[in-house]
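In this note's numbering, the protein residues as written are 1 to 209.
Quick look at the structure:
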């Protein structure tokens, strides 16, 4: 093996060992120490409960720890993005992009065939089917992408997804003002409860390497 191939192999190994962390210890532990690069995760997040807040720490840490570019694709119509609200949550707008698409695999095909955006969030892509996830999983492995699929409903064991490494459900308890996060695939079944303080405390300490 020549020197170039050795360097490429080392690069691939290093990248595959990376994990995206939230900085919330109980959440990171729930998913086995973070989201692995090159894989898909799927999140059941009913709309209107503020649950997407729990995705932002992963993005902020990815920017701070690895200088990654991030793409958030939102499929829900009539939604306006307020970039400064994201900035207030420690998101670096210089390396964050937003785009609206209901069919991202068709509209943004080139995005998934490049390692420019290393973290891609697909938020309520209504036409995303399981066979589409097969293509996403292959591209994620090839280009070292972390792809987070956010569904507007709770996930079930009966309607599984073969191509996602990790699947979780998130539910907000309005009475207790707490969020329950349950892992249903990718780690032993377990549920944790997080408070607004847990989320605020993750804002968003850089990783010490």
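Every residue gets a Cβ at the ideal spot worked out from N, C-alpha and C, and that includes glycine.
All values derive from a computational prediction rather than experimental measurement.
| Asked | Found |
| --- | --- |
| Quick one: using the 10 Å Cβ neighbour count with 16 as the cut-off for buried, is residue 93 buried or exposed? | exposed |
| According to DSSP, simplified to helix, strand and coil, what is residue 68? | coil |
| Need the endpoints of the alpha helix (DSSP H) that residue 134 sits in, please. | 130-143 |
| In whole angstroms, give me the CA-to-CA distance for residue 153 and residue 76. | 13 Å |
| In terms of residue numbering, what span does the alpha helix (DSSP H) encompassing residue 173 cover? | First-last for residue 173: 166-173, but that is the beta strand (DSSP E), not the alpha helix (DSSP H). |
| May I have the straight-line CA-CA distance separating residue 85 from residue 91, to the nearest angstrom? | 9 Å |
| Within the same chain, show all residues whose beta-carbon is closer than 7 Å to that of residue 17, passing over the 5 residues directly before and after it, in chain order. | none |
| When the Cα atoms are used, what is the spatial distance from residue 72 to residue 136? | 15 Å |
| Let me check one thing: in DSSP terms, what residues is residue 193 bridge-paired to? | 180 |
| With DSSP run on the structure shown, which of helix, strand or coil describes residue 53? | helix |
| Who pairs with residue 97 in a beta bridge, going by DSSP? | 71 |
| Please report the straight-line C-alpha distance between residue 193 and residue 27, rounded to a whole angstrom. | 9 Å |
| Note down, in chain order, each residue of its chain lying with its Cβ closer than 8 Å to the Cβ of residue 95, except the 5 sequence neighbours on either side. | 63, 67, 68, 69 and 70 |
| Closest Cβ-Cβ distance between residue 130 and chain C: below 9 Å? | The chain labelled as chain C is not found in the depicted structure, where only one protein chain is given. |
| Buried or exposed for residue 169, please, with buried defined as at least 16 other CB atoms from any protein chain shown within 10 angstroms of its CB. | buried |
| If I measure Cβ to Cβ from residue 99 and keep anything under 6 Å in the same chain, skipping five residues before and after, which residues do I get? | 73 |
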